[in-house]
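To start, the structure itself, in structure tokens.
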Amino acid sequence: MKKGILKTLLFYGIGFGVAGIIYVIIGNPYIHAPGIHHLILFLTLAVGLIWTLISIRIFFFKAKTEKLKGIIILNSLIIISCFLYVAIPIYLDSNKKTFIESDFVRTEIKGDTTKLYHDDNLIYIKAKDSVILDLR
120 MKKGILKTLL FYGIGFGVAG IIYVIIGNPY IHAPGIHHLI LFLTLAVGLI WTLISIRIFF
180 FKAKTEKLKG IIILNSLIII SCFLYVAIPI YLDSNKKTFI ESDFVRTEIK GDTTKLYHDD
240 NLIYIKAKDS VILDLR
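Dropping the structure here:
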């Protein structure tokens, strides 16, 4: 089991280490797209997932070795941890209340006059092209 764990740690250590070195050397020059280091991390996790599935198949249908057990356990732990690291903040963000009641601004438009109210207090009046009151 120790050999399987060490082999898996070596694989992820090399993958994550190369991604870290690439980030230090190149950085993320275009911030609107994933950097090369993100692609290396994704590739490391994808290969790890495939490796886990193949190891599970071999473990259950061919040879139940301690080395395979260590590979399966550590690969599963790392893949599930990375998934939760991404999924939990997304889930918590989607359930978070994104506004406060006092943040609402009520707008009244009558003809050419626009009035804005915040907590029922008048904060802005615009008549035609002239701003009469601006307390924003």
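Numbering follows our numbering, in which position 49 of the sequence shown is assigned residue number 168; successive positions increment by one, without gaps. From the three backbone atoms N, C-alpha and C, an ideal C-beta is built for every residue, glycine too. In this text the structure is predicted, and so the values were computed from the model without any measurement.
Quick one: what's residue i bridged to in DSSP?
| i | result |
| --- | --- |
| residue 174 | Looking at the DSSP assignment, residue 174 forms no beta bridge with any residue, so it has no partner. |
How would you label residue i, buried or exposed, when you count the other beta carbons within 10 angstroms and need 16 or more for buried?
| i | result |
| --- | --- |
| residue 228 | exposed |
| residue 226 | exposed |
| residue 110 | In the structure as shown, the chain starts at 120 and stops at 255, and residue 110 therefore has no counterpart that could be examined. |
| residue 151 | exposed |
| residue 132 | exposed |
| residue 232 | exposed |
What number of angstroms, rounded off, separates the C-alpha of residue i from the C-alpha of residue j?
| i | j | result |
| --- | --- | --- |
| residue 130 | residue 212 | 32 angstroms |
| residue 148 | residue 248 | 45 angstroms |
| residue 245 | residue 140 | 57 angstroms |
| residue 157 | residue 163 | 10 angstroms |
| residue 136 | residue 179 | 32 angstroms |
| residue 242 | residue 252 | 7 angstroms |
| residue 120 | residue 127 | 11 angstroms |
| residue 146 | residue 138 | 10 angstroms |
| residue 230 | residue 214 | 40 angstroms |
| residue 143 | residue 161 | 18 angstroms |
| residue 239 | residue 223 | 10 angstroms |
Restricting to Cα atoms, I'd like to know which of the options is closest to residue i.
| i | options | result |
| --- | --- | --- |
| residue 250 | 164, 235, 187 | 235 |
| residue 122 | 185, 132, 202, 239 | 185 |
| residue 173 | 241, 195, 120, 199 | 195 |
| residue 167 | 197, 204, 238 | 197 |
| residue 189 | 199, 181, 155, 175 | 175 |
| residue 169 | 202, 208, 210, 191 | 191 |
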